[in-house]
Each structure stands twice: as structure tokens, then as C-alpha cells.
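*Asks:* Numbering of the sequence shown is given in this note's numbering, commencing with residue 61 and proceeding in unit increments.
Just so you know, even glycine gets a beta-carbon here, dropped at the ideal spot from N, CA and C.
Predicted model, so just to flag it, every value in this text is computed and none were measured.
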Amino acid sequence: MSVDVRTVTASEFPDWLRALRTGFLNPPTVPDGEVERRLPHIDLARTQGAYEAGRCVATFRSFAQELTAVGGAPVPASAVSQVTVSPTHRRRGLLSRMMGTELAAAKERGEIVSTLIAAEYPIYGRYGYGPATSTTEWTIDVRRAALDPRWSGPDDGGRVDLIDAAEFRKLGPAVHDGLRAVRHGVVSRDRRGWDVFTGAVPQPDGAPFTEPFHATYTSASGEVEGYVAYTADDRWDDGKQPMNTATVRDLIAFTPAAERALWRFVCSIDWITTVKSGYRAPDDLLPLLLPDPRAARVTTHADFLWVRIVDVVRALEARTYAGSGALVLELHDAAGLAGGRFRLDASPEGASCAPTTASPDLTMDVRELGTLYLGDESVTRLVDLGRVEEAVPGAAAVADVLLRTARRPWCPDVF
Numbered sequence: 061m062s063v064d065v066r067t068v069t070a071s072e073f074p075d076w077l078r079a080l081r082t083g084f085l086n087p088p089t090v091p092d093g094e095v096e097r098r099l100p101h102i103d104l105a106r107t108q109g110a111y112e113a114g115r116c117v118a119t120f121r122s123f124a125q126e127l128t129a130v131g132g133a134p135v136p137a138s139a140v141s142q143v144t145v146s147p148t149h150r151r152r153g154l155l156s157r158m159m160g161t162e163l164a165a166a167k168e169r170g171e172i173v174s175t176l177i178a179a180e181y182p183i184y185g186r187y188g189y190g191p192a193t194s195t196t197e198w199t200i201d202v203r204r205a206a207l208d209p210r211w212s213g214p215d216d217g218g219r220v221d222l223i224d225a226a227e228f229r230k231l232g233p234a235v236h237d238g239l240r241a242v243r244h245g246v247v248s249r250d251r252r253g254w255d256v257f258t259g260a261v262p263q264p265d266g267a268p269f270t271e272p273f274h275a276t277y278t279s280a281s282g283e284v285e286g287y288v289a290y291t292a293d294d295r296w297d298d299g300k301q302p303m304n305t306a307t308v309r310d311l312i313a314f315t316p317a318a319e320r321a322l323w324r325f326v327c328s329i330d331w332i333t334t335v336k337s338g339y340r341a342p343d344d345l346l347p348l349l350l351p352d353p354r355a356a357r358v359t360t361h362a363d364f365l366w367v368r369i370v371d372v373v374r375a376l377e378a379r380t381y382a383g384s385g386a387l388v389l390e391l392h393d394a395a396g397l398a399g400g401r402f403r404l405d406a407s408p409e410g411a412s413c414a415p416t417t418a419s420p421d422l423t424m425d426v427r428e429l430g431t432l433y434l435g436d437e438s439v440t441r442l443v444d445l446g447r448v449e450e451a452v453p454g455a456a457a458v459a460d461v462l463l464r465t466a467r468r469p470w471c472p473d474v475f
């Protein structure tokens, strides 16, 4: 039978959810109330399904997002999520059809990039996405960290306060926006996401909500510059010694003072002997904050946010550059969306980018530009890997001076 790929109607949404659950190996029965909880927050015009004989066998959706480019500018993005193909319909090109429709629509909507969190590494490179950020998780042995046990709060005039969920809902978005303004790779969060995260509305899958502890850092000037949300278990050994673990659900800080104070706070809570950091930037301050950084053991390290350039000119003009120089880039794009030859003239004062017929300095697939966009990868290394062709000797070194950043990009959010 032929498979029809199309946008999903409200009446088809329950079957779409069943296919989504099937693809992610969840029980294929949609729980009571899940349709009603999810449907009002889904843009059906950006939701696709593949149908055979009236049954949904693949799912795909996107939503509007902003990605912070290098330098702090918010870039319009199409965030891709909830992509599945049922095991009975693998290798039939269904994802390619849905992705082609989405990327063409993203360009039509004027979105500059497309983003996703890849569940599997090999899938998305063929659609022009490249891994642009990484994430690291640490497990900290607090007893080994050699922290001062007499610590009772920041020594910079600031303070750490526990707050309830209602206060956190008020303060959290402004703190997150503060981070978006200074850290490239961060993506926007909508009001609905905050409400779900804080338990103000039911979880989309109907799962029970466990409220975490919330704490804020307020600077000496009175500005809230960071927060942490964490949970704790209740474990004691046979000698009545505490063996409790604090798990950080979210720690957002837009100043180094706030970040230092909040990590110090979490690692100083009585009875806590282990701290799980949650997903952090690979160059997070955390390990080196500890007198013994070896107390922080890496338990996860992997690629995280993937970026697909949709509009080369606007993408390269949106970010800032640490050095000055010019490059001619030749980009290959199998989808025909962002290919061509472009001249980038960049300096710390600004950048311009335009199509050109000049000879290229560097040649690459558009997926490599996605990997390079947020400044986390070396052009020189990609040349050595054979993934970028250096037509002019020294061009890779020029590109690294222009594109790489002092701090690594970070995306705190799964979507």
C-alpha cells in the first residue's frame, strides 16, 4: 500500500500519539486525558504523520524557537521534535519525506536555522544537521571534594534563599532570559514549559509531579542572578551515616558569582554525600570550583544540540566574531536550501555575508557549517578528518580565529 504523509488533524491526533508512543517504545495505549492535555499546545500545521490504510505509522513535528547565536542575538529557529517511524515501516523514506517538507516550510517561514536533539547520532547528518554543542554530567563525591565544612553562604555580599514553586515561576523566566543574553547555544523556553516544569499544570504524559527544592542567588545589589532546582533521596548506611544524593534538575546562572554560589550551596547541604549535576556545558565551572576537582567524575559526555543552517547569509550575519578576516565558503546542500558560494567579511565590529562567484577558500557540506556555527569545533580538525576541503592554505586557521569562541556553547534543554 502507498503511505500518505500529511499534516495531522485534531481527529487524527489520538492515533498520532499512539504512533509516537510506539516509536519511543512506550506502551502503545494513550492514557486517559493525554490527548486533552497535549492537543491545545500542539501546532497541527507543523505536525506531520505518515498514514497507511488510515493508521499512523510515523510522527514528526516542529515548533518556533529562538537560538542564542554567538554574541547573544536571538536567531529564529524551527525546533524539530517527536520524530518516530514505527518498526513495521523502517527504511521506506518516510523520515526523508517529512524532513523535506519541514525544511522547505522553515525556509518559507523565514527561520534561519533548524534545531533538534538527536536520539541517534547517524540519522540527521544526511539532512544537513551537524552536532553544534556537547553536554557533560558529573557525579560529585562531596566527602572527597575537600570543601570547607564551615561555609554558610557567599562571601561576596550576595545570598542564597530557598523559595517555593510559585515564587520560582515568577523569577525563573527572567533568570533564564539573562542566561540567553550571554551564553550562545541556549534556546528559548515558553510559558507552558515553565508551568509543566514547576507542576502548575499536569505533566503531558499524566505522570505524577514531584516538586523539587528551589533556591536563588541574589547579588549584593539585590538582583536575582541565578537559581537551582534539585531533588534529594533518603538513604542511610548500616552505621546510621547519611548517604543521600542531590540531583540537580536545573541550574541557571547568568553571572559567574551566581554559578559559583549555587554549586557551593548544593555541595554543602547537610546529609548530602553525592551530587549529580544534570546536563551541563563541557567547560562548566563546577569541577574546578572544588578544592579536589577529581571528586567530580564524568558520568555522561555526548553530543547534544544539532543545528541545520537554513539561511546562510542571515545566520552568519547574526553572530559575532572575535577576529577580523574574510572567507569564501562553498557549501553543498543535497536539499537545495542553503548551498552555494558565499563571502563572509567579519570583524569584532560586525559582519556581512553575500553570495559570490570568487574562488572558495573552504568547501564543505552544510552540515559542517552547522557544527561550526556556535564556535565549538575546529575547522582545522575537520580538514584533518577530510570533512572540510581547504582550497587555500591557511584558510582553516583564519576560519578558526573567526568562528571559535572563548567559552563553549551550551544548551540546557531537551525538547
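Going by DSSP, what residues sit across from residue 126 in a beta bridge?
*Replies:* To locate residue 126, count along the sequence shown from 1; it is residue 66. DSSP, once it has assigned bridges, lists 136 as partnering residue 126.
*Asks:* Along the alpha helix (DSSP H) that carries residue 156, what are the first and last residues, could you check?
*Replies:* By one-based count along the sequence shown, residue 156 stands at place 96. Residues 154–169.
*Asks:* Taking just the CA atoms, how far does residue 298 sit from residue 127?
*Replies:* Here residue 127 refers to the residue found at position 67 when the sequence shown is read from its first residue. Here residue 298 refers to the residue found at position 238 when the sequence shown is read from its first residue. Each residue's alpha carbon lies about 49 Å from the other.
*Asks:* Would you mind sorting residue 180 into buried or exposed? The rule is 16 or more other CB atoms within 10 Å of its CB.
*Replies:* For this step, residue 180 is matched to residue 120 along the sequence shown. It is exposed - the Cβ of residue 180 has fewer than 16 other Cβ atoms within 10 Å.
*Asks:* Between which two residues does the alpha helix (DSSP H) containing residue 402 stretch?
*Replies:* The residue you call residue 402 lines up with position 342 of the sequence shown. First-last for residue 402: 400–407, but that is the beta strand (DSSP E), not the alpha helix (DSSP H).
*Asks:* With H, G and I counted as helix, E and B as strand and the rest as coil, what does DSSP make of residue 380?
*Replies:* Translated into the one-based positions of the sequence shown, residue 380 becomes position 320. In the structure shown, residue 380 sits in coil (DSSP, three-state: anything other than H, G, I, E or B).
*Asks:* Using 8 Å as the threshold, is the region 372–389 in touch with the region 149–166, meaning 3 or more CB pairs across them?
*Replies:* Touching, no, given that fewer than three Cβ pairs across the two stretches are closer than 8 Å.
*Asks:* How is residue 339 classed by DSSP in three states: helix, strand or coil?
*Replies:* By 1-based counting over the sequence shown, the position of residue 339 is 279. Of the three classes helix, strand and coil, the one that applies to residue 339 here is coil, per DSSP.
*Asks:* In terms of residues, what are the limits of the beta strand (DSSP E) holding residue 77?
*Replies:* As a working mapping, residue 77 is identified with position 17 in the sequence shown. Note, residue 77: premise wrong, no beta strand (DSSP E); alpha helix (DSSP H) at 73–83.
*Asks:* Starting from the C-beta of residue 310, find all residues in its chain whose C-beta is less than 6 Å away, skip the five residues before and the five after it, and write them out in chain order.
*Replies:* The residue you call residue 310 lines up with position 250 of the sequence shown. The answer, listed in chain order, is 289.
*Asks:* For the beta strand (DSSP E) holding residue 390, just list the boundary residues, first then last.
*Replies:* Position 330 of the sequence shown holds residue 390. Residue 390 -> beta strand (DSSP E) spans 385–392.
*Asks:* Are residue 275 and residue 350 closer than 7 Å when you measure CB to CB?
*Replies:* Along the sequence shown, read from residue 1 onward, the residue named residue 275 stands at position 215. Along the sequence shown, read from residue 1 onward, the residue named residue 350 stands at position 290. Contact: no.
*Asks:* So for residue 236, helix, strand or coil by DSSP?
*Replies:* If you number the sequence shown from 1, residue 236 lands on position 176. It is helical.
*Asks:* To the nearest angstrom, how far is it from the Cα of residue 363 to the Cα of residue 473?
*Replies:* Mapped onto the sequence shown, residue 363 falls at position 303. Mapped onto the sequence shown, residue 473 falls at position 413. So the two alpha carbons sit approximately 13 Å from each other.
*Asks:* Enumerate in chain order the residues of its own chain whose CB-to-CB distance from residue 88 is below 7 Å, with the five nearest sequence positions on each side excluded.
*Replies:* Position 28 of the sequence shown holds residue 88. Around residue 88: 78, 81 and 82.
*Asks:* Give the C-beta separation of residue 429 and residue 391 to the nearest angstrom, bearing in mind that I take them to be a contact with Cβ-Cβ under 8 Å.
*Replies:* Locating residue 429 in the sequence shown gives position 369, where the first residue counts as 1. Locating residue 391 in the sequence shown gives position 331, where the first residue counts as 1. Indeed they touch by this definition, with Cβ atoms about 6 Å apart.
*Asks:* Compare the C-alpha of residue 248 against each of 196, 319, 280 and 175 and name the closest.
*Replies:* Residue 248 sits at position 188 when you count from the first residue of the sequence shown. The residue with the shortest Cα to Cα distance from residue 248 is 175.
*Asks:* With 16 other CB atoms within 10 Å as the buried threshold, where does residue 424 fall?
*Replies:* Walking along the sequence shown from the start, residue 424 turns up at place 364. Residue 424 should be labelled buried.
*Asks:* Once the 5 residues before and after residue 217 are set aside, which same chain residues still bring their CB inside 6 Å of it?
*Replies:* Translated into positions along the sequence shown, residue 217 becomes position 157. Contacts found: 280.
*Asks:* Output the boundary residues of the beta strand (DSSP E) element that contains residue 354.
*Replies:* The sequence position of residue 354 within the sequence shown is 294, counting from 1. First-last for residue 354: undefined, no H or E at that position.
*Asks:* Between which two residues does the alpha helix (DSSP H) containing residue 458 stretch?
*Replies:* Counted from its first residue, the sequence shown places residue 458 at position 398. Here the alpha helix (DSSP H) through residue 458 covers 455–463.
*Asks:* Considering only the alpha carbon of each residue, which of 182, 185, 112 and 107 lies closest to residue 152?
*Replies:* Your numbering for residue 152 matches position 92 in the sequence shown. Looking at the Cα atoms, 112 is the closest of the given residues.
*Asks:* How about residue 199 and residue 379: are their beta carbons less than 7 Å apart?
*Replies:* Walking along the sequence shown from the start, residue 199 turns up at place 139. Walking along the sequence shown from the start, residue 379 turns up at place 319. Going by C-beta atoms, residue 199 is not nearer than 7 Å to residue 379.
*Asks:* Tell me whether residue 254 sits in a helix, a strand or coil according to DSSP, three-state version.
*Replies:* What you label residue 254 is simply residue 194 of the sequence shown in a count that begins at 1. Looking at residue 254 - three-state DSSP - the assignment turns out to be helix.
*Asks:* Whole angstroms is fine: what's the gap from residue 394's alpha carbon to residue 321's?
*Replies:* Start at 1 with the first residue of the sequence shown, and residue 394 comes out as number 334. Start at 1 with the first residue of the sequence shown, and residue 321 comes out as number 261. The straight-line gap from Cα to Cα measures roughly 48 Å.
*Asks:* CB-CB under 6 Å to residue 426, same chain, minus the five flanking residues each way: which ones, in chain order?
*Replies:* Indexing the sequence shown from 1 puts residue 426 at position 366. Within the same chain, residue 426 has close Cβ partners 188, 369, 391, 393 and 398.
*Asks:* In the DSSP assignment, what residue or residues form a beta bridge with residue 194?
*Replies:* In the sequence shown, counting from the first residue as 1, residue 194 sits at position 134. According to DSSP, which records beta bridges pairwise, residue 194 is partnered with 363.
*Asks:* Give the single residue among 103, 408 and 419 whose Cα lies nearest to the Cα of residue 402.
*Replies:* In the sequence shown, the residue the question calls residue 402 occupies position 342. Residue 402 has its Cα closest to that of 419, out of 103, 408 and 419.
*Asks:* Give the DSSP-derived three-state secondary structure of residue 269 in the structure shown.
*Replies:* Translated into positions along the sequence shown, residue 269 becomes position 209. Coil, per DSSP.
*Asks:* As a quick exercise: from 106, 468 and 71, pick the residue whose alpha carbon is nearest that of residue 95.
*Replies:* Numbered from its first residue, the sequence shown carries residue 95 at position 35. Of the listed residues, the one whose Cα sits closest to residue 95 is 71.
*Asks:* Please report the distance separating the alpha-carbon of residue 272 from that of residue 235.
*Replies:* Indexing the sequence shown from 1 puts residue 272 at position 212. Indexing the sequence shown from 1 puts residue 235 at position 175. If I take the Cα positions, the gap works out to 18 Å.
*Asks:* Ignoring anything shorter than 3 residues, give me the beta strand (DSSP E) runs that lie fully in the region 94–121, in order along the chain.
*Replies:* List check, beta strand (DSSP E) in window: 107–112.
*Asks:* Mind checking residue 264: buried by the 16 CB within 10 Å criterion, or exposed?
*Replies:* In the sequence shown, residue 264 corresponds to position 204, counting from 1. Classification of residue 264: exposed, given that the 10 Å Cβ count is below 16.
*Asks:* Check the DSSP bridge columns for residue 61 and list the partner residues they point to.
*Replies:* Position 1 of the sequence shown holds residue 61. Paired residue(s): none; residue 61 is not in a bridge.
*Asks:* Near residue 241, what residues of its chain come up, given a Cβ to Cβ distance below 8 Å and the 5 sequence neighbours on each side ignored?
*Replies:* The residue labelled residue 241 in the question sits at position 181 within the sequence shown. 128, 132 and 314, listed in sequence order.
*Asks:* Sorted by chain position, which residues of the same chain lie with C-beta nearer than 8 Å to residue 225's C-beta, five sequence neighbours on each side aside?
*Replies:* In the sequence shown, residue 225 corresponds to position 165, counting from 1. Taken in chain order, the residues that qualify are 258, 259, 260, 271 and 274.
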